[in-house]
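Single-structure report; data block below.
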Amino acid sequence: MDIRNKISAIYSLEQLSAGNTVVHRLHPMSKLIVTFVFIATVISFGRHDFGRLVPFIFYPTILMALSETPYTMLLKRVLIAIPFCLFIGISNLILEQDTAFKIGTIDVSFGVLSFSVILYRVYLCVMAVLLLVAVTPFIELTAQLRRLKIPNIFTLMFEMTYRYIGVLLAEAVSMRMAYVLRGAKAKGVDIRHAGSFIGCLLLRSFARAERIYSAMKCRGYMIKNTTLARKKFCITDITYCALICVLCLLFRFVDVGNWITTLVEKIL
């Protein structure tokens, strides 16, 4: 049951793409371009530029509000990516111990600063990708990748792998249930049988994949026919794309936080 819940959780984010908000109705290419520009500008900052990265929170905040995407669903998926960057951040804590600034009587080292930048950068980038999936149907994303002349083999592998995850997990559920029923005291797969279990799962997956692909071809599936009818850009798509890209470039080349602080000090 836990694995079945995981299968449902994998595709629950994509189910949100069937919404009808102003963000959902935007052209998928404009959303793809904006996501690419946002991630490129975020990762282009130095490892100590935390202050200049702060304004980039505008993108996930505004997009979640306009698309009515639940924050808790996205946060759970962001937390999965955090452990992968912790080791890099921990090494910075050890190697960079010089003081960057002070908060009262507390010294904040460059290692703590760079560690915070890594975590915040991962948070922004993962949120941008999750929001893209949450507001754009998966088939439209792959169609836009083909329009960008991404090699079909990579797009097809990406498409089929994503679609086949649920099938693979379903096969694992069936095999595990059969394993448990054959052993009265078995609560899971014993380590002694793990190798043969994985091997059987691999063979069953290959056989199931061939049957699925044959069924798809019988229904007329071909790579050249997988693209959707092209939508036309409207003024809303161009405005959205231009506005977000301009803001990202502005925050990249202008220290907005320092500029606002200086302006407030002059006014006061």
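Using our numbering, you'd call the opening residue of the sequence shown number 3 and step up by one each time. The beta-carbon is built from N, C-alpha and C at its ideal position, and this holds for glycine as well.
| query | result |
| --- | --- |
| Cβ neighbour criterion (16 or more within 10 Å) applied to I105 | exposed |
| Per-residue burial, F253 [other beta carbons within 10 Å of its own, 16 or more giving buried] | buried |
| N-terminal and C-terminal residue of the beta strand (DSSP E) that V110 is part of | 108-111 |
| I152 - DSSP class collapsed to helix/strand/coil | coil |
| Nearest-angstrom Cα separation, counted from C87 out to S93 | 10 Å |
| Cβ neighbour criterion (16 or more within 10 Å) applied to D239 | buried |
| Cβ contact check for the stretch 28-44 and the stretch 243-257: 3 or more pairs under 8 Å | yes |
| Distance, A83 Cα to V128 Cα | 8 Å |
| Coil, strand or helix - T101 by DSSP | strand |
| Residue from L15, C220, R184, E98 whose Cα sits closest to the Cα of H50 | E98 |
| Proximity below 8 Å, CB of F60 to CB of G91 | no |
| Collapsed DSSP secondary structure at E173 in the structure displayed | helix |
| Counted within 10 angstroms of its Cβ, other Cβ atoms place C250 as buried (16 or more) or exposed | buried |
| Delimiting residues of the alpha helix (DSSP H) encompassing L252 | 237-255 |
| Whether R123 touches I45 by CB criterion (8 Å) | yes |
| Contacts around N227, its chain only, beta-carbon distance under 7 Å, and the 5 residues preceding and following it disregarded | A caution first: N227 carries a pLDDT of 49, below 50, which makes its placement in the model too unreliable to give a value. |
| Spatial distance of Y1 from F156 (CA atoms) | Lying before the first or after the last residue shown, residue 1 is absent from the chain, which here runs from 3 to 270. |
| Residue environment, R54, which counts as buried when at least 16 other CB atoms sit within 10 Å | buried |
| Touch test, the stretch 134-146 against the stretch 19-34, Cβ-Cβ under 8 Å, three pairs minimum | yes |
| Neighbour-count burial assignment, F89, 16 or more Cβ in a 10 Å radius | exposed |
| Collapsed DSSP secondary structure at G21 in the structure displayed | coil |
| Between the CA atoms of R210 and I200 - distance to the nearest angstrom | 15 Å |
| N- and C-terminal bounds of the alpha helix (DSSP H) containing F271 | The structure shown does not extend to residue 271, since the chain spans only 3 to 270, so no value can be given for it. |
| Three-state secondary structure (DSSP) of E70 | coil |
| With 16 other Cβ atoms within 10 Å as the buried cut-off, status of V36 | buried |
| Three-state class that DSSP yields for P139 in the structure shown | coil |
| Three-state class that DSSP yields for F117 in the structure shown | helix |
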